[in-house]
Amino acid sequence: MKQKYKNEINYWRKRVIPRIIRTTFFYICYPVLFFVPIKRNKIVVSNFNGQGYGDNPKYICEYLLSQNEALDIVWLIDEKRVKNAQAFPSSIRLVSLTSFRALYELHTAKIWIDNCRKNIYPKKRKNQFYIQTWHASFSLKMMERLVEDKLPPKYVKRAKKDSKMCDLLIFESANTISDVPYNFWYEGEMFRNGTPRGDIFINYDERLVRKVYDHYNIDYHKKIVMYAPTFRQGYDLEVDITFLERLTQTFEKRFKNSYVMLVRLHPNDTKNKERILGGSLPQNIIDASDYEDMQELLCATDTLITDYSSSSGEALISEKKCFIYAYDYKEYSKDRGLLIDLDNLPFPVSTNQEELINQVYKFSNSDYLEKVERFKKIYNVFETGHASQDIGDRILQEIDQVK
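Remember, the numbering used here sits 337 above the position in the sequence shown when you count from 1.
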């Protein structure tokens, strides 16, 4: 109990009080800042509240920079979570997410880009344009209004305010959610013709595969199997490293090839990484949680093992092997709920370790691809390969408009 109170005090001392001071100071200065003009060429970007160069915002920015080098792109970062600042193009300015400067940059930017609900922001000004890209390409788990009663009230309040500010919501093509605007408390314009982060699977680039292999010093003759579990809202994720070793060996026996396993935790779990993964990992198990771009990892991956994560959507598009390992299916269903029953997915589904081992041994690629193709048609799952360009052109159009 003492530790609980100690953690609560530390949270307020390190996070809440500085935020209150920073925001208060900003609004004290607001009468002066109100007259500071919006910079038409400034774009402020955030990825998972301070993470590195990845997800939908990255691919939009790459297209924008290829079209207009005069753009002033600001990326808000949490220094503790960004492990490789060198991954950012030199033309992108990095600003601390929790700084007064971040509020100033948002206040004076023409465009806001975010892939999850904003934690900090000044009042959105007239003629500013906010794009919410979201962070999924295939929704399997219930979200937002569908689980409003299970979400923290503070999050629901923030989500509703965020949607009210939003001018353009980017959402996947899949029809797993019948009424997306209603579910997101949103009444504005939508883009549902592919996702920026999905372009990479249509426009294949071998250099990205080699980039991942080189980053982790993996021999080119080895194949990668990646375990990427999603976040649990009401309880903790469990990862059995001994079992993952055994599973890697199973892949080697079944597919007659050398394998290495990457473990990629959800961004919300990375702060508890040491507890979840333990100490040092075996040589053939690599922690890939800090790699900035999940999509690059998926490009290099031969096989994905996940649970309720939207990363299974990338497996659908790329037609890579994918296994569902839902060891806590009953508990997760009660805690969060799923949009599609696991049995209706085209992937082999397992709820315990032995079942997953057996699914690997009896895997048939031809049967699998047939199921994947049928599933994509039923649920309207697709990527165009040019979503980044489509959205980037829309942003440039907004910037060029004189208002």
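Note that the Cβ used here is the ideal one computed from N, Cα and C, for glycine as well.
{"Query": "Integer Cβ distance of G531 from F712, believed to fall under 8 Å", "Result": "Contact doesn't hold; Cβ gap of about 18 Å is too wide."}
{"Query": "For R744, three-class secondary structure by DSSP", "Result": "The question about residue 744 has no answer here: the residues shown for the chain are numbered 338 through 740."}
{"Query": "Closest residue to D665 among V576, I468 and T721 (Cα-Cα distance)", "Result": "V576"}
{"Query": "When P683, F521, K379 and A424 are compared against K395, the one with the closest alpha-carbon", "Result": "A424"}
{"Query": "Any beta strand (DSSP E) of 3 or more consecutive residues that is wholly inside the stretch 530–588", "Result": "560–565"}
{"Query": "Alpha helix (DSSP H) segments (min. 4 residues) lying fully within the stretch 622–675", "Result": "631–637, 648–655 and 666–672"}
{"Query": "Inter-residue spacing [alpha-carbon to alpha-carbon] between N689 and Y662", "Result": "7 Å"}
{"Query": "Residue span of the alpha helix (DSSP H) that contains F437, given as start and end", "Result": "F437 to T445"}
{"Query": "Three-way DSSP call (helix, strand, coil) for K498 in this model", "Result": "helix"}
{"Query": "Whole-angstrom distance between V381 and C503, CA atom to CA atom", "Result": "14 Å"}
{"Query": "C-alpha gap between E735 and K460, whole angstroms", "Result": "19 Å"}
{"Query": "I429 - containing beta strand (DSSP E), residue span", "Result": "I429 to S433"}
{"Query": "Outcome for K593 when other beta-carbon atoms lying within 10 angstroms are tallied against a minimum of 16", "Result": "exposed"}
{"Query": "Where V373 falls, given that 16 or more other Cβ within 10 Å makes a residue buried", "Result": "exposed"}
{"Query": "Inter-residue spacing [alpha-carbon to alpha-carbon] between G674 and S687", "Result": "17 Å"}
{"Query": "Reduced DSSP secondary structure (H/G/I, E/B, other) of D516", "Result": "coil"}
{"Query": "Contact set for N621: own chain, Cβ-Cβ below 8 Å, skip 5 residues either direction", "Result": "E582, T585, Y596, V597 and M598"}
{"Query": "Local conformation of N456 per DSSP, three classes", "Result": "coil"}
{"Query": "Identified DSSP bridge partners for Y596", "Result": "K560"}
{"Query": "K420 - containing beta strand (DSSP E), residue span", "Result": "Note, K420: premise wrong, no beta strand (DSSP E); not H, not E."}
{"Query": "Separation of G535 from Q632, as counted between CA atoms", "Result": "8 Å"}
{"Query": "Own chain partners of N306 with C-beta closer than 7 Å, once the 5 adjacent residues on each side are dropped", "Result": "The chain is shown from 338 up to 740; residue 306 falls before or after that span and cannot be answered."}
{"Query": "Straight-line Cα distance separating S383 from D727", "Result": "20 Å"}
{"Query": "Cβ shell of Y519 (< 8 Å), same chain only, five flanking positions each side left out", "Result": "R482"}
{"Query": "Test item: CB-CB of I414 and S433 under 9 Å", "Result": "yes"}
{"Query": "Own chain, CB closer than 6 Å to H603, minus 5 neighbours either side, in chain order", "Result": "T567 and F568"}
{"Query": "Beta-carbon spacing of T587, P533 below 9 Å", "Result": "no"}
{"Query": "Cα-Cα separation, V517 to F385", "Result": "21 Å"}
{"Query": "Host alpha helix (DSSP H) of Q734 (start-end)", "Result": "A724 to D737"}
{"Query": "Where the beta strand (DSSP E) through V411 begins and ends", "Result": "D409 to I414"}
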